[in-house]
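In this note's numbering, the protein residues as written are 922 to 1070. Ideal Cβ positions, reconstructed from N, Cα and C, are used throughout, including at glycine. Accompanying notes for the structure given below.
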């Protein structure tokens, strides 16, 4: 019985981004600069007004940093705005993790500092969640009107 040839380990990291109930998982591996969202190119993200929000990490760090990695993103849950914010966070976090694991600490720190100085939400999740409704009213805090007569 022969042993199979040793295959080289795939250089890849998996990171997630969150906003409210939307979760985006980014799979970042060595490649040639492909950015895909749910199987389609990231340039086709709808709505068009929020497309720049998705491209913020790319525009901020420059395309040369993304040219040697492929990032594939899966996103679900939440509304479209929440999904956009989750996607941009997943892209930024996965690139930082990839640079830390496979390139070097200095370039990772440089990328991280650039992202945080622009917008901290690119690397740190927003902990705010929707407050649950309580009895005696229409919502979380609003109460039914009281009548005296």
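{"Query": "At least 3 beta-carbon pairs within less than 8 Å: the stretch 996–1006 vs the stretch 957–977", "Result": "yes"}
{"Query": "Within 9 Å, strictly: CB atoms of residue 977 and residue 937", "Result": "no"}
{"Query": "Residue 1066 classed as buried or exposed, judged by whether at least 16 other C-beta atoms fall within 10 angstroms", "Result": "exposed"}
{"Query": "Short CB-CB distance (under 9 Å) between residue 1055 and chain C", "Result": "Among the protein chains of the structure shown there is no chain C, as only one such chain exists."}
{"Query": "Reduced DSSP category for residue 993 - H, G, I as helix; E, B as strand; rest coil", "Result": "strand"}
{"Query": "Reduced DSSP secondary structure (H/G/I, E/B, other) of residue 932", "Result": "coil"}
{"Query": "Three-way DSSP call (helix, strand, coil) for residue 1011 in this model", "Result": "helix"}
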